[in-house]
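A short write-up of the structure that comes next.
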Amino acid sequence: MQSLWILVSGFFFALMGVFVKLGAAHFATAELVFYRSLTTLAVALLMLRWQGLAWRSDKPWMHCKRGLTGFVSLLLFFQAIALLPLATAMTLNYTSPIFLTLLTVLLLRESPRPLLLLALALGFGGTVLLLRPTLKPEEMLGAALGLASGFAAALAYYNVRQLVRAHEPESRVVLYFGVYATLGAGLWMLGTEWHAITWPTLWILLGMGFCGTFGQLAVTRAYGKGRAAVTAALSYGTVVFSSVLGIIIWQDQLPLTSWLAMGLIMLGGVLAVSAVPARADARVAQTND
4 MQSLWILVSG FFFALMGVFV KLGAAHFATA ELVFYRSLTT LAVALLMLRW QGLAWRSDKP
64 WMHCKRGLTG FVSLLLFFQA IALLPLATAM TLNYTSPIFL TLLTVLLLRE SPRPLLLLAL
124 ALGFGGTVLL LRPTLKPEEM LGAALGLASG FAAALAYYNV RQLVRAHEPE SRVVLYFGVY
184 ATLGAGLWML GTEWHAITWP TLWILLGMGF CGTFGQLAVT RAYGKGRAAV TAALSYGTVV
244 FSSVLGIIIW QDQLPLTSWL AMGLIMLGGV LAVSAVPARA DARVAQTND
(Lines of atoms letter the chains of each structure in order from A; the text may use other names.)
(Lines give C-alpha, C1' and ligand atoms only; values in the text may rest on other atoms or scores of the structure.)
Protein backbone atom coordinates (compact mmCIF):
# COMPACT_ATOMS: atom_id res chain seq x y z
CA MET A 4 0.00 0.00 0.00
CA GLN A 5 3.00 2.32 0.41
CA SER A 6 3.16 2.65 -3.39
CA LEU A 7 -0.22 4.41 -3.35
CA TRP A 8 1.55 7.45 -1.92
CA ILE A 9 2.75 8.07 -5.48
CA LEU A 10 -0.82 8.98 -6.47
CA VAL A 11 -0.90 11.57 -3.70
CA SER A 12 2.42 12.97 -4.88
CA GLY A 13 1.19 12.97 -8.48
CA PHE A 14 -1.82 15.09 -7.62
CA PHE A 15 0.25 17.61 -5.68
CA PHE A 16 2.98 17.73 -8.34
CA ALA A 17 0.38 18.40 -11.03
CA LEU A 18 -0.98 21.29 -8.97
CA MET A 19 2.57 22.50 -8.42
CA GLY A 20 3.06 22.49 -12.19
CA VAL A 21 0.03 24.74 -12.57
CA PHE A 22 1.45 27.23 -10.06
CA VAL A 23 4.89 27.10 -11.72
CA LYS A 24 3.38 27.90 -15.11
CA LEU A 25 1.41 30.78 -13.59
CA GLY A 26 4.46 32.02 -11.71
CA ALA A 27 6.69 31.91 -14.80
CA ALA A 28 4.92 35.04 -16.03
CA HIS A 29 6.13 36.97 -12.96
CA PHE A 30 9.38 35.35 -11.77
CA ALA A 31 12.60 33.89 -13.17
CA THR A 32 13.07 30.12 -12.95
CA ALA A 33 15.74 30.45 -10.25
CA GLU A 34 13.33 32.49 -8.12
CA LEU A 35 10.59 29.89 -8.45
CA VAL A 36 13.00 27.11 -7.46
CA PHE A 37 14.22 29.19 -4.51
CA TYR A 38 10.74 29.89 -3.11
CA ARG A 39 9.62 26.32 -3.69
CA SER A 40 12.72 24.92 -1.96
CA LEU A 41 12.54 27.41 0.91
CA THR A 42 8.99 26.26 1.66
CA THR A 43 10.15 22.64 1.54
CA LEU A 44 12.97 23.43 3.96
CA ALA A 45 10.64 25.14 6.45
CA VAL A 46 8.04 22.35 6.39
CA ALA A 47 10.69 19.63 6.73
CA LEU A 48 12.18 21.39 9.77
CA LEU A 49 8.76 21.58 11.40
CA MET A 50 8.14 17.89 10.68
CA LEU A 51 11.48 16.86 12.17
CA ARG A 52 10.71 18.85 15.30
CA TRP A 53 7.20 17.37 15.53
CA GLN A 54 8.61 13.85 15.09
CA GLY A 55 11.32 14.48 17.67
CA LEU A 56 14.11 13.68 15.19
CA ALA A 57 17.52 15.31 14.91
CA TRP A 58 18.40 17.21 11.77
CA ARG A 59 21.98 15.90 11.77
CA SER A 60 22.79 12.87 9.64
CA ASP A 61 25.72 10.46 9.48
CA LYS A 62 25.26 10.14 5.71
CA PRO A 63 26.22 13.64 4.46
CA TRP A 64 27.64 12.45 1.13
CA MET A 65 24.47 10.56 0.25
CA HIS A 66 22.39 13.63 1.08
CA CYS A 67 24.74 15.79 -0.99
CA LYS A 68 24.27 13.60 -4.06
CA ARG A 69 20.51 13.52 -3.61
CA GLY A 70 20.31 17.27 -2.96
CA LEU A 71 22.39 18.34 -5.95
CA THR A 72 20.70 16.00 -8.43
CA GLY A 73 17.30 17.03 -7.12
CA PHE A 74 18.15 20.72 -7.44
CA VAL A 75 19.35 20.34 -11.04
CA SER A 76 16.27 18.31 -11.95
CA LEU A 77 13.94 20.88 -10.40
CA LEU A 78 15.64 23.80 -12.16
CA LEU A 79 15.44 22.10 -15.57
CA PHE A 80 11.87 20.94 -14.96
CA PHE A 81 10.58 24.38 -13.99
CA GLN A 82 12.14 25.91 -17.09
CA ALA A 83 10.55 23.21 -19.27
CA ILE A 84 7.13 23.93 -17.74
CA ALA A 85 7.54 27.60 -18.63
CA LEU A 86 8.31 26.76 -22.27
CA LEU A 87 5.99 23.83 -23.01
CA PRO A 88 2.37 22.75 -22.53
CA LEU A 89 2.03 21.38 -19.00
CA ALA A 90 1.29 17.77 -20.03
CA THR A 91 4.24 17.68 -22.44
CA ALA A 92 6.69 19.00 -19.84
CA MET A 93 5.40 16.51 -17.27
CA THR A 94 5.71 13.59 -19.69
CA LEU A 95 9.31 14.40 -20.59
CA ASN A 96 10.19 14.71 -16.91
CA TYR A 97 8.54 11.35 -16.29
CA THR A 98 11.00 9.56 -18.53
CA SER A 99 12.85 9.23 -15.20
CA PRO A 100 11.67 5.63 -14.49
CA ILE A 101 13.21 4.54 -17.80
CA PHE A 102 16.50 6.27 -16.98
CA LEU A 103 16.34 4.94 -13.41
CA THR A 104 15.97 1.34 -14.56
CA LEU A 105 18.76 1.71 -17.09
CA LEU A 106 21.03 3.09 -14.36
CA THR A 107 20.18 0.13 -12.12
CA VAL A 108 21.12 -2.37 -14.83
CA LEU A 109 24.35 -0.53 -15.63
CA LEU A 110 25.37 -0.44 -11.97
CA LEU A 111 24.84 -4.20 -11.72
CA ARG A 112 26.76 -4.75 -14.99
CA GLU A 113 24.14 -7.24 -16.16
CA SER A 114 23.01 -7.96 -19.69
CA PRO A 115 19.65 -6.25 -20.25
CA ARG A 116 16.62 -8.52 -20.36
CA PRO A 117 14.45 -8.55 -23.52
CA LEU A 118 11.64 -6.84 -21.60
CA LEU A 119 13.98 -3.98 -20.71
CA LEU A 120 15.06 -3.59 -24.33
CA LEU A 121 11.39 -3.42 -25.33
CA ALA A 122 10.72 -0.83 -22.62
CA LEU A 123 13.64 1.33 -23.75
CA ALA A 124 12.50 1.07 -27.37
CA LEU A 125 8.97 2.14 -26.43
CA GLY A 126 10.25 5.01 -24.31
CA PHE A 127 12.65 6.18 -27.00
CA GLY A 128 10.03 5.85 -29.73
CA GLY A 129 7.49 7.74 -27.65
CA THR A 130 9.98 10.52 -26.96
CA VAL A 131 10.85 10.89 -30.65
CA LEU A 132 7.16 10.91 -31.57
CA LEU A 133 6.45 13.55 -28.93
CA LEU A 134 9.30 15.77 -30.09
CA ARG A 135 8.73 15.50 -33.83
CA PRO A 136 6.57 16.58 -35.51
CA THR A 137 4.22 17.66 -32.69
CA LEU A 138 6.52 20.30 -31.17
CA LYS A 139 7.17 23.67 -32.74
CA PRO A 140 10.81 24.66 -33.42
CA GLU A 141 10.71 27.24 -30.61
CA GLU A 142 9.68 24.50 -28.17
CA MET A 143 12.70 22.26 -28.81
CA LEU A 144 14.79 23.94 -26.09
CA GLY A 145 12.04 23.26 -23.58
CA ALA A 146 11.90 19.65 -24.76
CA ALA A 147 15.65 19.21 -24.29
CA LEU A 148 15.40 20.67 -20.79
CA GLY A 149 12.46 18.40 -19.99
CA LEU A 150 14.38 15.30 -21.05
CA ALA A 151 17.44 16.41 -19.09
CA SER A 152 15.23 16.92 -16.03
CA GLY A 153 14.01 13.34 -16.41
CA PHE A 154 17.58 12.02 -16.34
CA ALA A 155 18.50 14.18 -13.35
CA ALA A 156 15.31 13.06 -11.58
CA ALA A 157 16.34 9.43 -12.12
CA LEU A 158 19.63 10.11 -10.35
CA ALA A 159 17.77 11.89 -7.55
CA TYR A 160 15.23 9.07 -7.07
CA TYR A 161 18.02 6.51 -7.08
CA ASN A 162 19.66 8.38 -4.21
CA VAL A 163 16.30 8.73 -2.41
CA ARG A 164 15.87 4.97 -2.54
CA GLN A 165 19.31 4.37 -1.06
CA LEU A 166 18.78 6.93 1.72
CA VAL A 167 15.42 5.58 2.83
CA ARG A 168 16.68 2.00 2.74
CA ALA A 169 19.61 3.17 4.86
CA HIS A 170 16.95 4.08 7.45
CA GLU A 171 17.00 7.83 6.92
CA PRO A 172 13.60 9.37 7.83
CA GLU A 173 11.66 10.81 4.88
CA SER A 174 11.47 14.23 6.54
CA ARG A 175 15.27 14.38 6.93
CA VAL A 176 15.77 13.36 3.29
CA VAL A 177 13.43 16.15 2.22
CA LEU A 178 15.13 18.60 4.61
CA TYR A 179 18.56 18.17 3.03
CA PHE A 180 17.06 18.41 -0.45
CA GLY A 181 15.55 21.72 0.63
CA VAL A 182 18.91 22.92 1.95
CA TYR A 183 20.82 22.18 -1.25
CA ALA A 184 18.07 23.42 -3.57
CA THR A 185 17.58 26.65 -1.61
CA LEU A 186 21.32 27.39 -1.56
CA GLY A 187 21.72 26.50 -5.23
CA ALA A 188 18.79 28.61 -6.37
CA GLY A 189 19.84 31.46 -4.08
CA LEU A 190 23.29 31.57 -5.66
CA TRP A 191 21.74 31.40 -9.12
CA MET A 192 19.48 34.34 -8.26
CA LEU A 193 22.52 36.55 -7.64
CA GLY A 194 23.09 36.66 -11.39
CA THR A 195 19.48 37.34 -12.38
CA GLU A 196 17.03 40.18 -12.00
CA TRP A 197 15.00 39.99 -8.78
CA HIS A 198 11.23 40.43 -8.99
CA ALA A 199 9.30 41.78 -6.01
CA ILE A 200 6.54 39.68 -4.46
CA THR A 201 3.09 41.27 -4.58
CA TRP A 202 -0.17 40.17 -2.99
CA PRO A 203 -1.48 38.78 -6.31
CA THR A 204 1.67 36.66 -6.78
CA LEU A 205 2.09 35.59 -3.16
CA TRP A 206 -0.64 32.96 -3.43
CA ILE A 207 1.09 31.51 -6.49
CA LEU A 208 4.35 31.06 -4.57
CA LEU A 209 2.58 29.62 -1.52
CA GLY A 210 0.57 27.20 -3.63
CA MET A 211 3.67 26.10 -5.53
CA GLY A 212 5.71 25.70 -2.36
CA PHE A 213 3.21 23.72 -0.32
CA CYS A 214 2.05 21.51 -3.21
CA GLY A 215 5.66 20.77 -4.11
CA THR A 216 6.55 19.99 -0.50
CA PHE A 217 3.63 17.63 0.08
CA GLY A 218 4.37 15.95 -3.23
CA GLN A 219 8.02 15.58 -2.23
CA LEU A 220 7.17 13.96 1.09
CA ALA A 221 4.76 11.54 -0.59
CA VAL A 222 7.15 10.56 -3.40
CA THR A 223 9.98 9.99 -0.90
CA ARG A 224 7.82 7.52 1.01
CA ALA A 225 6.61 5.82 -2.17
CA TYR A 226 10.04 5.29 -3.72
CA GLY A 227 11.64 4.41 -0.41
CA LYS A 228 9.11 1.88 0.91
CA GLY A 229 6.84 0.98 -1.99
CA ARG A 230 7.23 -1.73 -4.63
CA ALA A 231 9.25 -0.33 -7.52
CA ALA A 232 7.07 -1.65 -10.37
CA VAL A 233 3.80 -0.54 -8.75
CA THR A 234 5.24 2.85 -7.85
CA ALA A 235 6.46 3.43 -11.41
CA ALA A 236 3.10 2.45 -12.87
CA LEU A 237 1.14 4.76 -10.59
CA SER A 238 3.62 7.63 -10.94
CA TYR A 239 2.20 8.41 -14.36
CA GLY A 240 -0.96 9.59 -12.69
CA THR A 241 0.83 12.94 -12.61
CA VAL A 242 0.73 13.08 -16.40
CA VAL A 243 -3.00 12.37 -16.38
CA PHE A 244 -3.67 15.01 -13.70
CA SER A 245 -1.52 17.54 -15.58
CA SER A 246 -3.25 16.84 -18.89
CA VAL A 247 -6.68 17.43 -17.37
CA LEU A 248 -5.55 20.62 -15.62
CA GLY A 249 -3.89 21.92 -18.79
CA ILE A 250 -7.08 21.39 -20.77
CA ILE A 251 -9.26 23.03 -18.10
CA ILE A 252 -7.05 26.04 -17.35
CA TRP A 253 -5.23 26.80 -20.62
CA GLN A 254 -7.41 24.89 -23.10
CA ASP A 255 -4.33 22.95 -24.24
CA GLN A 256 -5.12 21.16 -27.48
CA LEU A 257 -2.65 18.32 -27.99
CA PRO A 258 -2.73 16.37 -31.28
CA LEU A 259 -3.47 12.66 -31.33
CA THR A 260 0.20 11.88 -31.92
CA SER A 261 1.10 13.60 -28.65
CA TRP A 262 -1.35 11.46 -26.68
CA LEU A 263 0.00 8.34 -28.42
CA ALA A 264 3.57 9.39 -27.62
CA MET A 265 2.73 9.99 -23.95
CA GLY A 266 1.11 6.55 -23.80
CA LEU A 267 4.24 4.91 -25.24
CA ILE A 268 6.49 6.70 -22.74
CA MET A 269 4.24 5.68 -19.83
CA LEU A 270 4.13 2.06 -20.99
CA GLY A 271 7.88 2.06 -21.47
CA GLY A 272 8.40 3.38 -17.95
CA VAL A 273 6.21 0.71 -16.37
CA LEU A 274 7.85 -2.10 -18.36
CA ALA A 275 11.32 -0.76 -17.60
CA VAL A 276 10.86 -1.01 -13.84
CA SER A 277 9.10 -4.38 -14.17
CA ALA A 278 12.12 -5.68 -16.11
CA VAL A 279 14.40 -5.37 -13.06
CA PRO A 280 13.87 -8.21 -10.55
CA ALA A 281 13.38 -7.29 -6.91
CA ARG A 282 16.58 -9.12 -5.97
CA ALA A 283 18.54 -6.96 -8.41
CA ASP A 284 17.13 -3.84 -6.83
CA ALA A 285 18.20 -5.16 -3.44
CA ARG A 286 21.73 -5.75 -4.72
CA VAL A 287 21.96 -2.13 -5.81
CA ALA A 288 20.96 -1.05 -2.32
CA GLN A 289 23.64 -3.28 -0.78
CA THR A 290 26.37 -1.70 -2.90
CA ASN A 291 25.56 1.68 -1.38
CA ASP A 292 25.43 0.70 2.30
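The sequence shown begins at 4 in the numbering used here and counts up one residue at a time.
We treat Cβ as the ideally placed atom computed from N, Cα and C, and that holds for glycine.
query	result
With a threshold of 8 Å on Cβ separation, who are the neighbours of S174 within its own chain once the five nearest residues in sequence on each side are excluded?	A47, M50, L51, Q54, L56 and L220
For the alpha helix (DSSP H) containing K24, name the first residue and the last one.	W8 to G26
Taking the C-alpha atoms as reference points, what is the distance between G128 and L267?	7 Å
Can you give me the C-alpha to C-alpha distance between S40 and L120, rounded to a whole angstrom?	36 Å
From the DSSP output, in three-state form, read off T201 for me.	coil
By the DSSP assignment, the alpha helix (DSSP H) with E34 in it spans what residues?	T32 to Q54
Determine the closest residue to A188 out of L18, L7 and A31, with distance taken between C-alpha atoms.	A31
Thinking just about the alpha-carbon of each residue, which of L103, W191, G70 and L18 is nearest to the one in A278?	L103
Answer with yes or no whether the minimum CB distance from Q219 to chain C is below 8 Å.	Absence of chain C from the displayed structure is noted, only one protein chain being present.
I need the straight-line Cα distance from L3 to A199, nearest angstrom please.	Past the boundaries of the shown model lies residue 3; the chain is included only from 4 to 292, so the question cannot be answered.
Since H66 is in the alpha helix (DSSP H), which residue starts that stretch and which ends it?	P63 to L86
Mapping the DSSP letters down to three states, classify Q219 as helix, strand or coil.	helix
Please work out which residues of its chain come closer than 8 Å, Cβ to Cβ, to L166, disregarding the five sequence neighbours upstream and downstream, and give them in chain order.	K62, M65, H66, R69, V176 and G227
Cα separation between T43 and G212?	7 Å
Among Y179, R224 and P258, which one has its Cα closest to the Cα of W8?	R224
Terminal residues of the continuous alpha helix (DSSP H) containing L144?	M143 to R168
Contact check, T98 vs G153 under 8 Å by CB: the rounded distance?	4 Å
Quick check on T201: buried or exposed, where buried means 16 or more other Cβ atoms within 10 Å of its Cβ?	exposed
Is it the case that the segment 18-29 contacts the segment 83-101, given that we only count it when at least three CB pairs across the two stretches are under 8 Å?	yes
In angstroms with no decimal places, state the Cα-to-Cα distance between H1 and N162.	This structure cannot speak to residue 1, because the chain is shown only from 4 to 292.
Output needed for V75: all residues of its chain with C-beta closer than 7 Å, excluding positions within five of it in sequence on either side, in chain order.	A155
Whole angstroms are fine: how far does the CA of V108 sit from the CA of L35?	35 Å
Measure how close the beta-carbons of L133 and S245 come, nearest whole angstrom, since I'm counting them as under 8 Å.	Incorrect: roughly 14 Å between the Cβ atoms, too far for contact.
Anyone know if the C-beta pair for A146 and L105 falls short of 8 Å?	no
If the criterion is Cβ atoms closer than 8 Å, does the pair T130 and L150 meet it?	yes
By Cβ distance, which residues of its chain are closer than 7 Å to G249, with the 5 residues on each side in sequence left out?	P88, L89, A90 and D255
Check P258 in the structure and name its three-state DSSP category.	coil
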